[in-house]
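Single-structure report; data block below.
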Amino acid sequence: MNALFEGLRELRRYPSAMAGLVVIVGFVAMALYAVLAIPYGTALELWRGGDHWRQHPINARPSWTNWFRAEDLPTTLRVAADDANAVVSQFEGATLRTVAIDLDYEYRTFPSELNLFVEARYESLQPFVRLTWKTPDGRAIPLGARRIERNERISISQDQALERRLGLVPQVGLLADPASEGAPRALPGRYRIELEAVLFEPDSTVSATLVSYGRVHGMAGTDHQRRDLMVALLWGTPIALAFGLIAAIGTTLATLVIAAAGVWFGGWLDSLIQRITEVNMILPVLPILVMVGTLYSTSIWIMLGVVVTFGVFSGSIKMYRAMLLPIREAAYIEAARVYGASNTRMILRYMIPRVLPVLIPSFVTLVPGFVFLEASLAVLGLGDPQLPTWGKIMNDAQTESALYNGYYYWVLSPATLLMLTGLGFAMLGFALDRVFNPRLRAI
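Using our numbering, you'd call the opening residue of the sequence shown number 6 and step up by one each time.
See the structure below:
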């Protein structure tokens, strides 16, 4: 153990090790933040999409991309109706309630969508509403009239009748500057939707929220289902680290114990372990995992169990056996045998600790390999369908042809995190190898 702590103290001499530690600590902090800020159940519910993301834009780029643009792309704007200044009048047993929704739009490019979310409270008679769009230069454009359900989304952008009247898609035609020449340009200023609601019941009410969907959103952007990719990027971190660490620890410790048992007992047990290892070494793990995911289950725990099972009888057993054979013949092992130490104590207390310092570098470098394996399965469509992971993001991006459509952020964000994970563990592992392997220190 003293040699282990001495070696860890020597890491300070290697800048690459310090850089790798910084990267790993950053990922651990990111994983802790994800678990604490977004509980597991909430993360799964958010990743399923649906109503949670209906006020998010589709395929919006990250907000930080505006730093590299001469002209900012619009962000998402949400404006609720000004109920406090509503105008109410009575006529023929009904109530006319007029409210305004003011949208301050300061961009020269157009939003991706315009939607009006209306909530109505009534017993049996639906309210009737009439909508009018007013521009900063004084134009009034009727948006039509309709009866309203209790929770209704009025998709202004998909109003084909309005599109025919304007000659442009609604989110462009409603905000276009009449004075612009050539390609349409948005007219900055205050826009207003006037909502005139006819209420047929005394306690009936109508409230509305206008959403101008941006072309950029959040730190990670959104996907084709309006989901915020930051949820998967954050939660993909603890999933990736947990998968990599559990697989690396499980395979390393199990392999070491099995190799030590084979060396200590020898005979038929050692021969059996070596034959199983040789058979296992020629088996292709990835095709087997694909077969398990296709025919049985894509659960991450099933995949982890298969990975650990095949990783136990890997080629490392032969390396560990070669390291443990001289230790079995050491004088202190013979002394322990004379005073009657049990087989379990001989293996776990006297043999395995002698090789642990040398195995730490290989353990560290194993972690990113398992992280990449989990991501590879997800990219192939064999990831856990419930979990938001880096590989799942890339699988969705591949399915939706993200690169072809110019959504580079969709692929680059998870790919960058995967590369940083590999880089951090590799820099730390190679430095540890130089610390614990004296033959490499002079290289």
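The C-beta atom is built at its ideal place from N, Cα and C for all residues, glycine as well.
With distances taken from CA atoms, which of the options is nearest residue i?
i: Met351; options: Gly219, Val268, Phe96 and Met23; result: Val268
i: Ala225; options: Leu130, Val372, Ala24 and Val416; result: Val416
i: Leu200; options: Ile159, Glu206 and Arg220; result: Ile159
i: Asn64; options: Met432, Tyr325, Asn410 and Phe441; result: Asn410
i: Ala247; options: Glu405, Ile398, Ser418 and Leu37; result: Leu37
i: Pro116; options: Pro373, Pro62 and His229; result: Pro62
i: Gly388; options: Leu425, Val295 and Ala265; result: Val295
i: Asp77; options: Tyr112, Leu51 and Ala89; result: Tyr112
i: Val311; options: Gly255, Glu50 and His229; result: Gly255
i: Ile251; options: Val372, Ser418, Ala380 and Ala24; result: Val372
i: Val313; options: Val216, Ala125, Ile293 and Gly178; result: Ile293
i: Asp87; options: Tyr414, Leu329, Leu49 and Val211; result: Val211
i: Pro207; options: Gln131, Arg144 and Gln165; result: Gln131
i: Ile398; options: Ile43, Ile106, Ile322 and Thr242; result: Thr242
i: Ile263; options: Pro289, Tyr325 and Asp401; result: Tyr325
i: Ala191; options: Leu173, His222 and Ser381; result: Leu173
i: Val33; options: Asp228, Gly46 and Leu425; result: Leu425
i: Val125; options: Ile29, Phe205, Gly374 and Asp107; result: Inspection of the sequence shows that residue 125 is occupied by Ala rather than by Val. Nearest C-alpha to Ala125: Phe205.
i: Leu171; options: Arg144, Pro193 and Thr421; result: Arg144
i: Val177; options: Gln163, Leu51, Ile322 and Pro189; result: Pro189
Spatial neighbours of residue i within its chain, please: CB distance less than 6 Å, with the 5 preceding and 5 following residues excluded, ordered by chain position.
i: Ala157; result: Checking the displayed sequence, the identity of residue 157 turns out to be Glu instead of Ala. Excluding residues within five positions, the ones whose Cβ falls inside 6 Å are Val123.
i: Phe368; result: Ala253 and Thr257
i: Ile448; result: Legend: pLDDT at Ile448 = 49, less than 50; position of this residue unreliable, no value from coordinates given.
i: Leu167; result: Pro175
i: Asn120; result: Arg158, Ser160 and Val216
i: Ala402; result: Trp415 and Val416
i: Thr100; result: Leu204
i: Pro98; result: For the record, residue 98 in the displayed sequence is Gly; it is not Pro. Cβ neighbours of Gly98 beyond the five flanking positions: none.
So what does residue i bridge to, in DSSP terms?
i: Pro451; result: Only positions 6 to 448 of the chain appear in this structure, which leaves residue 451 out of reach.
i: Thr100; result: Gln95 and Leu204
i: Thr64; result: Looking at the sequence provided, one finds Asn at residue 64 rather than Thr. Bridge partners of Asn64: none, in fact.
i: Ile5; result: Given a span of 6 to 448 for the chain in the structure shown, any question on residue 5 remains unanswerable.
i: Tyr127; result: Answer is none; Tyr127 lacks a bridge partner.
i: Glu157; result: Val123
i: Tyr409; result: Partner(s): none; Tyr409 has no beta bridge.
i: Val284; result: BP columns for Val284 are empty, so no partner.
i: Val84; result: Leu215
i: Arg152; result: Phe133
i: Ala105; result: Glu199
i: Glu118; result: Tyr218
i: Tyr337; result: According to DSSP, Tyr337 bridges with nothing at all.
i: Tyr112; result: Paired residue(s): none; Tyr112 is not in a bridge.
Counting only the same chain and skipping the five closest in sequence on each side, list residues whose C-beta sits under 8 Å from that of residue i.
i: Gly320; result: Thr282 and Met286
i: Arg66; result: Leu78, Arg220, Val221, His222, Gly226, Tyr412 and Tyr414
i: Val384; result: Gly396, Met399, Asn400 and Gln403
With a CB to CB cut of under 7 Å and the five nearest residues on each side skipped, what residues in its chain are close to residue i?
i: Val92; result: Thr103
i: Gly434; result: Pro366, Val369 and Thr370
i: Ala341; result: Met351 and Tyr355
i: Arg83; result: Gln60, Thr214 and Val216
Complete runs of the beta strand (DSSP E) confined to the stretch 168-239 [at least 3 residues]: 194-204 and 210-218
Is the stretch 292-307 close to the stretch 385-404, with three or more CB pairs under 8 Å? yes
Counting pairs of Cβ atoms below 8 Å between the stretch 195-209 and the stretch 135-142, do you hit three or more? yes
Indicate whether the contact test is met: 3 or more Cβ pairs, each with one atom in the stretch 424-438 and one in the stretch 11-25, closer than 8 Å. yes
Could you say if the stretch 352-364 and the stretch 273-280 meet the contact criterion of at least three C-beta pairs nearer than 8 Å? no
At 3 residues or longer, what runs of the beta strand (DSSP E) sit wholly inside the stretch 236-305? none
Counting only runs that start and end within the stretch 366-413, where is the alpha helix (DSSP H) found for 4 or more residues in a row? 395-404
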